[in-house]
Amino acid sequence: MKRNIGFTTIQLLVLGFVFITLIGAFLLMQPFSISGSEKISFIDAFFTATSAITTTGLIVVDTGSFFSRFGQAVILILFQVGGLGYMIFIALLMVGLGKRLSFGNVDLLHESIARPSSEDLLKFSKKIVIFTIFFEAIGIALLTCYWRKFFSLPDAIYTGIFHSISAFCTAGFSLYPDSFTIYRDSIFFNGSIILLCFAGSAGFFVLNDIYHFGKQIVHKKYPRRFSAHTKLAVLIMAFLVMAGIIIMYFAPGQTIAAQAKERALHSVFQIVSASTTTGFNTVNIGTLTNPLLWLIILLMFIGGCPGGTAGGIKTTTFGLIILSARSVLTGRKNVNVFHRSAPQGMIIRAYSIAVIAMVWIAAAMGILLVTDKGLSFQSILFEITSAFGTVGLSTGVTSSLSVGGRIVIIFTMLLGRLGPIAVGYSLIGKPRQVNFIYPEAEILVG
Numbered sequence: 012m013k014r015n016i017g018f019t020t021i022q023l024l025v026l027g028f029v030f031i032t033l034i035g036a037f038l039l040m041q042p043f044s045i046s047g048s049e050k051i052s053f054i055d056a057f058f059t060a061t062s063a064i065t066t067t068g069l070i071v072v073d074t075g076s077f078f079s080r081f082g083q084a085v086i087l088i089l090f091q092v093g094g095l096g097y098m099i100f101i102a103l104l105m106v107g108l109g110k111r112l113s114f115g116n117v118d119l120l121h122e123s124i125a126r127p128s129s130e131d132l133l134k135f136s137k138k139i140v141i142f143t144i145f146f147e148a149i150g151i152a153l154l155t156c157y158w159r160k161f162f163s164l165p166d167a168i169y170t171g172i173f174h175s176i177s178a179f180c181t182a183g184f185s186l187y188p189d190s191f192t193i194y195r196d197s198i199f200f201n202g203s204i205i206l207l208c209f210a211g212s213a214g215f216f217v218l219n220d221i222y223h224f225g226k227q228i229v230h231k232k233y234p235r236r237f238s239a240h241t242k243l244a245v246l247i248m249a250f251l252v253m254a255g256i257i258i259m260y261f262a263p264g265q266t267i268a269a270q271a272k273e274r275a276l277h278s279v280f281q282i283v284s285a286s287t288t289t290g291f292n293t294v295n296i297g298t299l300t301n302p303l304l305w306l307i308i309l310l311m312f313i314g315g316c317p318g319g320t321a322g323g324i325k326t327t328t329f330g331l332i333i334l335s336a337r338s339v340l341t342g343r344k345n346v347n348v349f350h351r352s353a354p355q356g357m358i359i360r361a362y363s364i365a366v367i368a369m370v371w372i373a374a375a376m377g378i379l380l381v382t383d384k385g386l387s388f389q390s391i392l393f394e395i396t397s398a399f400g401t402v403g404l405s406t407g408v409t410s411s412l413s414v415g416g417r418i419v420i421i422f423t424m425l426l427g428r429l430g431p432i433a434v435g436y437s438l439i440g441k442p443r444q445v446n447f448i449y450p451e452a453e454i455l456v457g
């Protein structure tokens, strides 16, 4: 892939995403992708393809009944490619064919993967594929065994493959019109999906760190320690999940379940689904109380860990913002993370991501309040946050959105998957480094 046509690396990455989405939309519009005699408009096909490639899961037509097996396979391929990053497939395909990666392809691969700085780029790409195959295979085996009780073996395998990949890629696409509400009381089923959600949302950086930690234990090597990134990412995720489960379980006026056991299971699944940005649901989101909807909105906005399949501003971004606020309140000049100092540029980036995300959500809300006047303020906020966090949970308003509203959600899903900084760079170009610093100015804040 040559880079002499005036596009930056990030612009090429974004254009590649859009190009694949257009191909997916074209395929979904074909008669052989639809199970009945109905047709799908371009905007709805593009919405579905965007939702799949961004691993969101918001739908305007029912995936299981509207699309044929071919159409479902197109959606599956899109969220598998979107979950891993299409440049990984291109790089490994070229290497498999005995071809060398050009400098342009190396740059694209570098921009599409968050990896340890000490790790070889291509080697880490192969690890990502291995991790993916490992967890998705486990999920396929578990879910096929479960669905074998209800379906024939071929149907059980197909259903297991679709939902295992959807769960690991945190895509949230389901072949059932009400997601997993009919399986909400099965501990085995819920546990299998939760395992895949956590594995995909943790990020390949964290999985790689855990893998190396395990190798050190097996080979009795020292020192055995996790990176500051892994500690912060996992700690924030664990805190959000545990706090969310407790709040949802004890929330006054909640309607998720009467019995304590069922309420606990439903709370665990729904909070994990929201915080990992997977988007499956075992309860009717539209019937939740306002406090619970607000809780889920916060979890969707923060999202999962970077370098994986999850969306949101990411747990580490949220963690750095909290730690920087603590530094200000305690009079410290540096932001310390597990006996390490976070670079100033990283702190600025964290705040920038959060601010751009909030500004976009506010702007998108303003547009939808005009284009879709029949929807409530909270349902619009929930829908937009779900799209930005690439979650896919909805209060049930997605299919009733106007054309203008659907276009806004499409842009929001792309922004959420590609990241606010990457989209910003693609629009204005990555700024060049400057070798001078202006004198400081005193500006009053707060």
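The numbering of the sequence shown is the working numbering, which starts it at 12 and goes up by one. Every residue, glycine too, gets a C-beta built ideally from N, C-alpha and C.
**Request:** Could you tell me which residues DSSP puts in a beta bridge with Asn347?
**Result:** Within the sequence shown, the letter at position 336 stands for residue 347. Per DSSP, the beta bridge partners of Asn347 are Ser352.
**Prompt:** What separation, rounded to the nearest whole angstrom, lies between the Cα atoms of Val348 and Asn219?
**Reply:** The residue labelled residue 348 in the question sits at position 337 within the sequence shown. The residue labelled residue 219 in the question sits at position 208 within the sequence shown. Val348 and Asn219: Cα-Cα distance of roughly 20 angstroms.
**Request:** Tell me whether Lys226 is buried or exposed, calling it buried when 16 or more other Cβ atoms sit within 10 Å of its Cβ.
**Result:** The count along the sequence shown starts at 1 and reaches residue 226 at position 215. Classification for Lys226: exposed.
**Request:** In angstroms with no decimal places, state the Cα-to-Cα distance between Gly435 and Ala398.
**Result:** One-based indexing of the sequence shown puts residue 435 at position 424. One-based indexing of the sequence shown puts residue 398 at position 387. Roughly 18 angstroms separates the two Cα atoms.
**Anticipated Cβ contact below 8 angstroms, Ala210 with Phe173, distance rounded** = Mapped onto the sequence shown, residue 210 falls at position 199. Mapped onto the sequence shown, residue 173 falls at position 162. Not quite, the Cβ-Cβ distance comes to about 17 angstroms (not below 8 angstroms), so this is no contact.
**Message:** Checking the sheet assignment: what are the DSSP bridge partners for Ile439?
**Reply:** Taking the sequence shown and counting its residues from 1, one reaches residue 439 at position 428. According to DSSP, Ile439 bridges with nothing at all.
**Asked** Which value, in whole angstroms, describes the spacing of the CA atoms of Lys325 and Leu89?
**Response** The residue you call residue 325 lines up with position 314 of the sequence shown. The residue you call residue 89 lines up with position 78 of the sequence shown. If I take the Cα positions, the gap works out to 22 angstroms.
**Closest by C-alpha distance to Phe58, when choosing among Gly415, Ile439 and Leu438** = Stepping through the sequence shown from its first residue, residue 58 is reached at position 47. If we check each option's Cα against that of Phe58, Gly415 comes out closest.
**Message:** Please classify Asn292 as buried or exposed, where buried requires at least 16 neighbouring CB atoms within 10 angstroms.
**Reply:** Here the question's residue 292 lines up with position 281 in the sequence shown. By the 10 Å Cβ count, Asn292 comes out buried.
**Request:** Check Phe78 in the structure and name its three-state DSSP category.
**Result:** Here residue 78 refers to the residue found at position 67 when the sequence shown is read from its first residue. DSSP places Phe78 in strand when its eight states are reduced to three.
**Prompt:** Once you ignore the five residues that flank Asp55 on each side, which residues in its own chain have a CB closer than 7 angstroms to its CB?
**Reply:** For the purposes of this step, residue 55 is taken as residue 44 along the sequence shown, with counting starting at 1. Excluding sequence neighbours, Asp55 sits near Val71 and Val72.
**Request:** Please classify Ile296: is it buried, with 16 or more other beta-carbons within 10 angstroms of its beta-carbon, or exposed?
**Result:** Translated into the one-based positions of the sequence shown, residue 296 becomes position 285. Its Cβ being crowded by 16 or more others within 10 Å, Ile296 is buried.
**Presumed contact (8 angstroms Cβ cut-off) between Arg417 and Thr65, rounded CB distance** = Counting from 1 along the sequence shown, the entry for residue 417 is found at position 406. Counting from 1 along the sequence shown, the entry for residue 65 is found at position 54. 14 angstroms between Cβ atoms; not a contact.
**Message:** Taking the alpha-carbon of Leu6 as reference, which of Ala374, Ser79, Ser212 and Ile247 has the nearest alpha-carbon?
**Reply:** The chain is shown only over 12 to 457; residue 6 falls outside these bounds and no answer can be derived.
**Asked** Mind pulling the beta strand (DSSP E) runs of 3 or more residues that sit fully within the segment 21 to 82?
**Response** Qualifying beta strand (DSSP E) stretches: none in this window.
**Request:** Assess, as a yes-or-no matter, whether the segment 232 to 250 is touched by the segment 328 to 339 under the definition of 3 or more beta carbon pairs within less than 8 angstroms.
**Result:** yes
**Prompt:** Just curious, the alpha helix (DSSP H) that Asn292 is in, first and last residue?
**Reply:** For this step, residue 292 is matched to residue 281 along the sequence shown. From DSSP, Asn292 is part of no alpha helix (DSSP H); its letter is neither H nor E.
**Item:** Candidates Gln389, Val408, Gly407 and Ile421, of which the one nearest Thr401 by Cα
**Value:** For the purposes of this step, residue 401 is taken as the residue at position 390 of the sequence shown. Minimum Cα distance to Thr401 is reached at Ile421.
**Asked** Under the three-state reduction of DSSP, which class applies to Asn446: helix, strand or coil?
**Response** Taking the first residue of the sequence shown as 1, we reach residue 446 at position 435. Three-state DSSP puts Asn446 in coil, outside helix and strand.
**Message:** If we define contact as Cβ-Cβ less than 8 angstroms, is Ser278 a contact residue for chain B?
**Reply:** Absence of chain B from the displayed structure is noted, only one protein chain being present.
**Item:** Option nearest Ile149 by Cα separation, candidates Ile204, Leu95 and Ser136
**Value:** Within the sequence shown, numbered from 1, the residue matching residue 149 stands at position 138. Distance check between Ile149 and each of Ile204, Leu95 and Ser136 places Ile204 closest, using alpha-carbon atoms only.
**Request:** Using 10 angstroms around the beta-carbon of Gln83, count the other beta-carbons present and answer buried if the total reaches 16, otherwise exposed.
**Result:** Indexing the sequence shown from 1 puts residue 83 at position 72. Under this definition Gln83 is a buried residue.
**Request:** Given a cut-off of 8 angstroms, decide if Ile193 and Gly7 are closer than it, judged by their beta-carbon atoms.
**Result:** What is shown of the chain runs 12 to 457, which leaves residue 7 out entirely.
**Request:** Locate the alpha helix (DSSP H) running through Cys180, then write down its first and last residues.
**Result:** Within the sequence shown, numbered from 1, the residue matching residue 180 stands at position 169. Taken as a continuous stretch (DSSP letters only), Cys180 belongs to no alpha helix (DSSP H), as it is neither H nor E.
**Item:** Met12 in three-state terms, based on DSSP
**Value:** Sequence index remark: in the sequence shown, residue 12 carries index 1 (1-based). With a pLDDT of 45 at Met12, under the threshold of 50, the modelled position of this residue cannot be trusted; read the value that follows with caution. If DSSP states are grouped into helix, strand and coil, Met12 belongs with coil.
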